[in-house]
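Trainee: Numbering (my numbering), first residue to last: 28 to 280.
All C-beta atoms, glycine included, are put in the ideal place defined by N, C-alpha and C.
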């Protein structure tokens, strides 16, 4: 066999091998895709039962994630809490409401989530600034005065447990004549309230309680206002005392 025939045979064999290689390569072609890494968003924050709750959502378009731990921190106050394991992509983390926390309308929250994705450990970091509302709302919604006795209705919203300690400098005044009808320096209350919204009715006999009474009842056709200072104790992680101005004017017919 001469060299030319050998060369031709080799060429044919190489072509056959090339055809087989091309055929099987099509069957095992690697397809490229896009991988979107998971991340976490803070959906918001709200208060309930004396705590601040932060809602976290994991945005994930790839493989399922099991959260196994991590931590979340409020930067403004330095409060820190661990994340408990969860299979949910949306979950809440809670912090006790502190006195310092109540002074903020915006808080910076950051943290790290630890999880398992396809058998591998992953970490998701996040940070965000969210608005919060931690406030007390205390006001007089109604009052009447008759036979030296004041009946006062208070509306109270408190995000933490409180105790109504006392009312100081309580007075009822004829707004038209600028004349005080009755007054008392101190009314002890010592009334504890849980977290929530309350409508409290107080009855104070100013004469029996040692107050000053110039008129025993109001006169129809005049406007009267009641005023005073309500002292309370707010049960944050460390109890704090606070004062709220009470005021309400009514026209009595």
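Spell out the partners DSSP gives residue 78 in its beta bridges.
Mentor: Reading the chain shown from its first residue, position 51 is the one you call residue 78. DSSP output for residue 78 lists 75, 123 as bridge partner(s).
Trainee: Give the C-beta separation of residue 209 and residue 276 to the nearest angstrom, bearing in mind that I take them to be a contact with Cβ-Cβ under 8 Å.
Mentor: As a first step, residue 209 is located in the chain shown; it is residue number 182 there, counting from the start. As a first step, residue 276 is located in the chain shown; it is residue number 249 there, counting from the start. In fact, because the Cβ distance is near 16 Å, the residues do not count as touching under 8 Å.
Trainee: Please state the DSSP three-state secondary structure of residue 130.
Mentor: For the purposes of this step, residue 130 is taken as residue 103 along the chain shown, with counting starting at 1. Here residue 130 sits in helix by DSSP.
Trainee: So, helix, strand or coil for residue 43, using DSSP?
Mentor: By 1-based counting over the chain shown, the position of residue 43 is 16. If DSSP states are grouped into helix, strand and coil, residue 43 belongs with the helices.
Trainee: Over what stretch of residues does the beta strand (DSSP E) that includes residue 208 continue unbroken?
Mentor: The residue labelled residue 208 in the question sits at position 181 within the chain shown. Counting along the chain, the beta strand (DSSP E) containing residue 208 begins and ends at 206 to 220.
Trainee: So which of 100, 105, 120 has the shortest CA-CA distance to residue 136?
Mentor: One-based indexing of the chain shown puts residue 136 at position 109. Closest option to residue 136, Cα to Cα, is 100.
Trainee: For residue 113, which residues in the same chain have their Cβ closer than 6 Å to its Cβ, ignoring the five residues on either side in sequence?
Mentor: Within the chain shown, numbered from 1, the residue matching residue 113 stands at position 86. The residues are 94.
Trainee: Where does residue 230 sit, in a helix, a strand or coil, going by DSSP?
Mentor: Here residue 230 refers to the residue found at position 203 when the chain shown is read from its first residue. Residue state, collapsed to three classes: strand.
Trainee: Nearest-angstrom Cα distance between residue 145 and residue 258?
Mentor: In the chain shown, the residue the question calls residue 145 occupies position 118. In the chain shown, the residue the question calls residue 258 occupies position 231. About 58 Å.
Trainee: Which residue marks the beginning of the beta strand (DSSP E) containing residue 145, and which one marks its end?
Mentor: As a working mapping, residue 145 is identified with position 118 in the chain shown. Here residue 145 belongs to no beta strand (DSSP E), and DSSP marks it neither H nor E.
Trainee: Can you give the Cα-Cα distance for residue 77 and residue 262, rounded to whole angstroms?
Mentor: Here the question's residue 77 lines up with position 50 in the chain shown. Here the question's residue 262 lines up with position 235 in the chain shown. When rounded, the distance between both Cα atoms is 9 Å.
Trainee: Please determine, among 250, 133, 72, 151, the residue with the shortest C-alpha to C-alpha distance to residue 97.
Mentor: Looking up residue 97 in the chain shown gives position 70. Nearest of 250, 133, 72, 151 to residue 97, Cα basis: 151.
Trainee: For residue 261, name the three-state secondary structure that DSSP assigns.
Mentor: As a first step, residue 261 must be located in the chain shown, where it is residue number 234. It is a strand residue.
Trainee: Quick one: does the C-beta of residue 279 sit closer than 7 Å to a heavy atom of the ligand NAP?
Mentor: Ligands are entirely absent from the displayed structure, and the ligand NAP is therefore not among its contents.
Trainee: Mind checking whether residue 140 and residue 79 have CB atoms under 8 Å apart?
Mentor: Indexing the chain shown from 1 puts residue 140 at position 113. Indexing the chain shown from 1 puts residue 79 at position 52. Taking 8 Å as the Cβ cut-off, residue 140 and residue 79 do not qualify as a contacting pair.
Trainee: For residue 271, name the three-state secondary structure that DSSP assigns.
Mentor: Start at 1 with the first residue of the chain shown, and residue 271 comes out as number 244. In the structure shown, residue 271 sits in a strand (DSSP, three-state: E or B).
Trainee: With DSSP as the reference, label residue 106 as helix, strand or coil.
Mentor: Looking up residue 106 in the chain shown gives position 79. Three-state result, residue 106: strand.
Trainee: Short check: CB of residue 19 to CB of residue 122, under 8 Å?
Mentor: With the chain covering only 28 through 280, there is no way to say anything about residue 19.
Trainee: Spatial neighbours of residue 180 within its chain, please: C-beta separation below 6 Å, excluding the five flanking residues on both sides.
Mentor: Position 153 of the chain shown, counted from the first residue, corresponds to residue 180. Excluding sequence neighbours, residue 180 sits near 168, 169, 228.
Trainee: Rounded to the nearest angstrom, how far is the Cβ of residue 163 from that of residue 185, given a contact under 8 Å?
Mentor: Here residue 163 is taken as the residue at index 136 of the chain shown, counted from 1. Here residue 185 is taken as the residue at index 158 of the chain shown, counted from 1. Right, their Cβ atoms sit about 6 Å apart.
Trainee: Return the first residue and the last residue of the beta strand (DSSP E) that residue 237 is part of.
Mentor: Translated into positions along the chain shown, residue 237 becomes position 210. Taken as a continuous stretch (DSSP letters only), residue 237 belongs to no beta strand (DSSP E), as it is neither H nor E.
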